[in-house]
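> Residue numbers for the sequence shown follow my numbering, so the first one is 117 and each next one is one higher.
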Amino acid sequence: MVEVEVEAGEEARGRTLVIALDHAGLSVGDLDAARGFYERAFGFELEFAFELPGGIRGAMLRLESGGRLELFEHPEPAPGPAPASPLEALATRGYGHFALAAPDIDELFERAWRAGAAGRVSPRQSPEPGVRFAFLADPEGNLVELVER
Numbered sequence: 117m118v119e120v121e122v123e124a125g126e127e128a129r130g131r132t133l134v135i136a137l138d139h140a141g142l143s144v145g146d147l148d149a150a151r152g153f154y155e156r157a158f159g160f161e162l163e164f165a166f167e168l169p170g171g172i173r174g175a176m177l178r179l180e181s182g183g184r185l186e187l188f189e190h191p192e193p194a195p196g197p198a199p200a201s202p203l204e205a206l207a208t209r210g211y212g213h214f215a216l217a218a219p220d221i222d223e224l225f226e227r228a229w230r231a232g233a234a235g236r237v238s239p240r241q242s243p244e245p246g247v248r249f250a251f252l253a254d255p256e257g258n259l260v261e262l263v264e265r
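1) Output the boundary residues of the alpha helix (DSSP H) element that contains GLU226.
2) Select from PRO202, ALA217, LEU216 the residue whose C-alpha is nearest the C-alpha of GLY96.
3) Could you check what DSSP says for ALA218 in three-state terms: helix, strand or coil?
4) Would you be able to state if there are at least three C-beta pairs under 8 angstroms between the region 153-165 and the region 234-246?
5) Between which two residues does the beta strand (DSSP E) carrying ALA234 extend?
6) Taking Cβ positions, are LEU187 and VAL134 nearer each other than 7 angstroms?
7) What residue does the beta strand (DSSP E) around GLU163 start on, and which one ends it?
8) Taking contact to mean at least 3 C-beta pairs separated by less than 8 angstroms, is the region 224-241 in contact with the region 176-191?
9) Near TYR154, which residues of its chain fall below 8 angstroms by C-beta distance, leaving aside the five closest residues on each side in sequence?
10) Please name the residue, chosen from ALA250, GLY212, GLY257, that lies closest to ARG265 on a Cα-to-Cα basis.
11) Per the DSSP calculation, HIS139 is bridged to which residue(s)?
12) In angstroms with no decimal places, state the Cα-to-Cα distance between ALA140 and SER238.
13) Measure how close the beta-carbons of PRO199 and LEU259 come, nearest whole angstrom, since I'm counting them as under 8 angstroms.
14) Just to confirm, is the Cβ distance from LEU262 to LEU216 under 7 angstroms?
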């Protein structure tokens, strides 16, 4: 969480603005299948479902720890990037991956694989000291990083 001193306006002087990441959004081709995968693989639960103009269906998923993932299904989606590896994802601007933290990524990697994920980088030491990481692709090819601190 980041705390920022607010500078604008007399009424704001002395207040601290606290900023936190609320959720990540992901467009998918099959909302029901994607929701089922994220529930089985990582333990997400449906917080609420919704519809948007143009026939877009959505679902806000939530982890017990509070992290949220918003899934969208457009009736006529254009294909998006589906990189074969995290390094390939860095070759295009925009979405690359999102990360989930867990105390044992070996167990989570196996659980996600059994739920239909494809392994991209097996659990190993991260470039960040004291951290382990792994990468999976969900059934639609979206990259998910697992982080163990």
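Backbone N, C-alpha and C define an ideal beta-carbon position, used for all residues, glycine too.
The structure says:
1) Locating residue 226 in the sequence shown gives position 110, counting from the first residue. Unbroken alpha helix (DSSP H) run through GLU226: 221-230.
2) The displayed coordinates of the chain run from 117 to 265. Any statement about residue 96 would go beyond what the structure contains.
3) Counting from one through the sequence shown, the residue named residue 218 turns up at place 102. It is coil, neither helix nor strand.
4) Judged by pairs of C-beta atoms under 8 angstroms, the region 234-246 does not touch the region 153-165, as fewer than three such pairs exist.
5) On the sequence shown, position 118 is the one that residue 234 refers to. Note, ALA234: beta strand (DSSP E), 234-241.
6) Sequence index remark: in the sequence shown, residue 187 carries index 71 (1-based). Sequence index remark: in the sequence shown, residue 134 carries index 18 (1-based). It is not a contact, given that the beta carbons lie outside the stated cut-off.
7) Within the sequence shown, numbered from 1, the residue matching residue 163 stands at position 47. Its beta strand (DSSP E) spans residues 161-168.
8) Contact fails between the region 224-241 and the region 176-191, because fewer than three Cβ pairs, one in each stretch, are under 8 angstroms apart.
9) Indexing the sequence shown from 1 puts residue 154 at position 38. Cβ within range, chain order: PHE160, LEU177, LEU185, LEU187, ASP254.
10) In the sequence shown, residue 265 corresponds to position 149, counting from 1. Comparing Cα-Cα distances from ARG265 to each of ALA250, GLY212, GLY257, the minimum goes to ALA250.
11) Counted from its first residue, the sequence shown places residue 139 at position 23. ARG184.
12) By 1-based counting over the sequence shown, the position of residue 140 is 24. By 1-based counting over the sequence shown, the position of residue 238 is 122. It is roughly 23 angstroms from the alpha-carbon of ALA140 to the alpha-carbon of SER238.
13) The residue you call residue 199 lines up with position 83 of the sequence shown. The residue you call residue 259 lines up with position 143 of the sequence shown. Beta-carbon to beta-carbon, PRO199 and LEU259 are separated by about 7 angstroms, close enough to satisfy the 8 angstroms threshold.
14) Along the sequence shown, read from residue 1 onward, the residue named residue 262 stands at position 146. Along the sequence shown, read from residue 1 onward, the residue named residue 216 stands at position 100. Contact flag set, yes.
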